[in-house]
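In our numbering, the protein residues as written are 283 to 471. Reviewing the structure listed below.
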């Protein structure tokens, strides 16, 4: 199989097969991200993190909960609403995001996003979430995105199950298919 190698300063060296999907990883903390909103009173914050193929991520942290929005190269924002769709309890995103990408017109194009959430033991209201790790998988389409899978991130088969879920044709969104397309030009790449 012919392979095309891609190197970007914030990505690890990865080779993309010319057919099918491959994985690229980006950081959700550190130098790859910058704080774009901060409420000093509540401590709520949003940081924008580098992505793949012109995409980026907005990582929201508020009240010990975390969620992510996918931002397209044109600035459309697709909220994944982890705090409503995945867990209403305490959560924090893991260190890295895994982008499933396919090569289209010689460029890596994201088709899915896999993110781990570390969960806490207690919350003030609503159902209690056991401490541990949840793996999530969101499908990315040209007109929106949605979470299609959540599972136990501690299982040896967690990554394989999440990657399989985003390519299953009958798999439905766990929440709403986000097509808001609201554009935040000040955050766009």
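A virtual CB, placed ideally from N, CA and C, is assigned to each residue, including glycine. Model, not experiment: these values are computed from the prediction.
Rounded to whole angstroms, the separation of the alpha carbons of residue 427 and residue 444 is 15 angstroms. Residue pairing for residue 381: DSSP places it in a beta bridge opposite 306 and 395.
For residue 337, the CB contacts under 7 angstroms within the same chain, skipping 5 residues up- and downstream, are 352, 353, 354, 355 and 392 in chain order. Between residue 452 and the set 430, 459 and 437, the nearest pair of CA atoms involves 430. Rounded to whole angstroms, the gap between the alpha carbons of residue 458 and residue 344 is 21 angstroms. Its Cα nearest to that of residue 327, the residue 315 stands out among 315, 334 and 333.
By DSSP's assignment, residue 433 forms a beta bridge with 417.
Counting the other CB atoms within 10 Å of its CB gives residue 371 a total of 16 or more, which places it among the buried residues.
A straight-line Cα-Cα distance of about 24 angstroms links residue 449 and residue 309. With 16 or more other CB atoms across the displayed protein chains lying within 10 angstroms of its CB, residue 396 is buried.
The C-beta of residue 324 has fewer than 16 other C-beta atoms within 10 Å across all chains shown, which makes the residue exposed. Less than 8 angstroms divides the Cβ of residue 416 from the Cβ of residue 369.
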